[in-house]
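Take the sequence shown: its letter number 209 is residue 262 in our numbering, and every next letter is one higher. C-beta: ideal position from N, C-alpha, C; glycine also. Worksheet: the structure to be examined is printed underneath.
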Amino acid sequence: MLYDKDIREPLFEYFEEHLGKVRVIEEKQIGKARADVMLVMDATLIGVEIKSDADTYARLEKQVMEYNRCFDKNYVVVGTKHASHIEEHVPDWWGIITVEEADGKVDFYVLREPLINPRNHQMFFRKRQLDFLWRMELTEIQLKHGLYKYPGKSKLFVRDYIYDSIDEDTLKLEITDALFERDYQKMVEQITEYRDAHRSVRKKKRRTSKK
């Protein structure tokens, strides 16, 4: 029996071989669920849910709802135990890949290619994708497009401001470009610098108010 941990690395290699330029991000929080895998491609975000033979469908309905709210396309990857009836549990525009082990090797078979999510032109769909970005990444998009930075405003305010200021086709590219270029170590350093700078500003304001 193949478990989730047995599937992941071969699956990532499969996607890299068949999809071309792609970045794999694991365990991405999406609303009230967690996506097993998010694939980042040019102007496209793809969700991947893995159901090994050891898994059940207990949470799948809620997971499907969350995936549908933020990914341009979706795949479900299933073990042979689920292959014959997985179509009953996901929308007909989801892609389906089955996985099995033969001669010690993990093989993948595409039962159905994914289609574009019919919801992906709704306003809150793209806003949910913007939520994947960190505040510093949103700031870089603002700077790139000559938008006001609104340094004192919340991330939610900035997200809505960017959404209202940039056309959808450009916005899709900006989101995926930011995720492609994300450098976790560099981002941690930038966030630390940002917090230190704002902490100093708050301390100065407190000292001033006491005088």
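Mapping DSSP to helix, strand and coil, what is Y203? coil
I think D95 touches T229, with their Cβ atoms under 8 angstroms apart; what is that distance to the nearest whole Å? Between D95 and T229, the beta carbon gap of about 6 angstroms places them in contact (Cβ cut-off 8 angstroms).
If contacts are defined as beta-carbon pairs under 8 angstroms, then D106 and L64 qualify, I think. What distance do you get, rounded to the angstrom? Not a contact, Cβ separation roughly 15 angstroms.
Can K85 and E119 be called in contact, C-beta distance under 8 angstroms? yes
Could you check if H198 is buried or exposed, using at least 16 other CB atoms within 10 Å of its CB as the buried criterion? exposed
Assigned exposure category for Q116 - 16 Cβ within 10 Å defines buried: buried
Does the Cβ of P204 have 16 or more other Cβ atoms within 10 Å, making it buried, or fewer, making it exposed? P204 comes out exposed.
D156 by DSSP, collapsed to three states: which one? coil
Can you tell me which of the three DSSP states E80 falls into? strand
Provide the residue span of the beta strand (DSSP E) that contains E102, from first to last. T97 to K104
What are the boundary residues of the beta strand (DSSP E) that D89 is part of? A86 to M94
Taking the continuous beta strand (DSSP E) assigned at Y128, which residues delimit it? First-last of the beta strand (DSSP E) with Y128: K126 to G132.
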